[in-house]
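Residue numbers (the UniProt record's numbering): 1 to 91. Built from N, CA and C at the ideal position, the CB exists for glycine as well. One structure is given here, and the rest of the page talks about it.
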């Protein structure tokens, strides 16, 4: 009779393969973006700026006279501006 014990190496291979398949199955969505978005429904637009060392008054729309920021100003005219932001851990 053949030895049917599972070696540690084979166990780790099977566990890794199973983890990869489980991870990839979560990436495959059943409903693509064309199925999720309703026809005629207006999707909201968000622009998030993640900028290093930009002060609150560095854009013209917030009162800068030194820098020229025409694209940021155009976005600010057509949308909503936020004036207060707080960081719990400003590192």
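Best match in the options for proximity to residue i [C-alpha to C-alpha]
i: residue 61; options: 52, 51, 54 and 74; result: 74
i: residue 67; options: 78, 76 and 54; result: 54
i: residue 63; options: 81, 46 and 7; result: 81
Supposed close pair residue i, residue j - CB separation, criterion 8 Å
i: residue 69; j: residue 85; result: Contact flag wrong, Cβ pair sits at about 17 Å.
### Query
Can you list the alpha helix (DSSP H) stretches of 4 or more residues lying completely in the segment 31-89, in chain order?
Correct list: 33-36 and 70-77.
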